[in-house]
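Heads up, the thing below is written out as structure tokens.
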Amino acid sequence: MLTPNRTEAGHLLGEEAGDDLAGVVGALAARYQAAITLHGHVAAPAGRAWLEESTVG
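Each number in the working numbering comes from the position in the sequence shown (counting from 1) with 340 added on.
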């Protein structure tokens, strides 16, 4: 499982992460064959994705 912040996600992608976080986590999951979570967006390497909308604090 990788839990990058937006800047780290951009470095892992080799480009700026942008606003499509669902697309970002999907691309990272496929590239690194790992589960990814970024600002509530979660993706598995097989292509399944979730959005966790609860807040903390």
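A virtual CB, placed ideally from N, CA and C, is assigned to each residue, including glycine. None of these values were measured; they are calculated from a predicted model.
If you check the beta carbons only, do P344 and L378 fall under 8 Å apart? yes
*asked:* For D382 and A374, which I take to be in contact (beta-carbon distance under 8 Å), what is that distance rounded to the nearest angstrom?
replied: The question names Asp, yet the displayed sequence has Val at residue 382. Not really, about 11 Å apart at Cβ, beyond 8 Å.
inquiry  = Looking at the strands, I want to know which residues DSSP matches up with L378.
reply    = H381
Q. Around the Cβ of G366, are there at least 16 other Cβ atoms within 10 angstroms (buried) or fewer (exposed)?
A. buried
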